[in-house]
Amino acid sequence: MEGPVTSADDQIYELHASVCQILANPTRLKILNALRDQEIAVAELARRVGTSMPNLSQHLAILRQRRVVLTRREGATIHYRIANPKILRAFDIMREVLFEQLADGRRLVQAAAAGTRRSRAAR
Numbered sequence: 640m641e642g643p644v645t646s647a648d649d650q651i652y653e654l655h656a657s658v659c660q661i662l663a664n665p666t667r668l669k670i671l672n673a674l675r676d677q678e679i680a681v682a683e684l685a686r687r688v689g690t691s692m693p694n695l696s697q698h699l700a701i702l703r704q705r706r707v708v709l710t711r712r713e714g715a716t717i718h719y720r721i722a723n724p725k726i727l728r729a730f731d732i733m734r735e736v737l738f739e740q741l742a743d744g745r746r747l748v749q750a751a752a753a754g755t756r757r758s759r760a761a762r
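In terms of the numbering used here, the sequence shown opens at residue 640 and continues consecutively.
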């Protein structure tokens with residue numbers, strides 16, 4: 640039997656929830672996906688994500704604060720990259736789970752529709 644949750648455990652749960660909250664935003668997920676394979680200059684990142692510079696800057700500030708992304712300055716240009724590739728593993732696992740759930744849901748809808756058609760035909 641496990642003992643009570645310790646304050647260290649509580650802190651880890653809080654940090655975990657904080658990272659999940661940060662990643663619970665479609666724009667930030669697009670940013671991470673764009674940065675998946677390479678470092679990207681901020682203007683190019685805005686183009687790839689399809690958002691304005693002010694909006695992108697707000698999201699990047701949040702990602703920087705939690706050390707999800709890192710920056711490198713080259714003259715007047717700021718480049719962004721993923722701080723830890725493990726975040727992409729978590730990103731990919733969550734997408735796999737989502738796609739599996741969508742596939743299961745689709746099969747359920749198809750089975751329900753087939754059952755409805757059969758019961759209508761029996762009438």
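Note that the Cβ used here is the ideal one computed from N, Cα and C, for glycine as well.
Residue range of the unbroken alpha helix (DSSP H) whose run includes residue i
| i | result |
| --- | --- |
| L699 | M692 to Q704 |
| L674 | Where L674 is concerned, there is no enclosing alpha helix (DSSP H), given that its DSSP letter is neither H nor E. |
| A663 | Premise fails: A663 is in no alpha helix (DSSP H) and is neither H nor E. |
| A685 | V681 to V688 |
Host beta strand (DSSP E) of residue i (start-end)
| i | result |
| --- | --- |
| V708 | V708 to E713 |
| T716 | T716 to I721 |
Closest residue to residue i among the options (Cα-Cα distance)
| i | options | result |
| --- | --- | --- |
| R675 | P724, A753, E735 and L699 | P724 |
Status (buried if at least 16 other CB within 10 Å, exposed otherwise) for residue i
| i | result |
| --- | --- |
| Y652 | exposed |
| I732 | exposed |
| L737 | exposed |
| H698 | buried |
| V688 | buried |
Say whether the stretch 706-725 touches the stretch 656-676, bearing in mind that this needs 3 or more beta-carbon pairs closer than 8 Å, one atom from each stretch. In the pairwise beta carbon analysis, the stretch 706-725 is classified as touching the stretch 656-676: at least three pairs are separated by under 8 Å.
Looking at C-beta atoms only, is the number of pairs between the stretch 643-652 and the stretch 677-688 that lie closer than 8 Å three or more? In short, these stretches do not touch, since the Cβ pair count stays below three.
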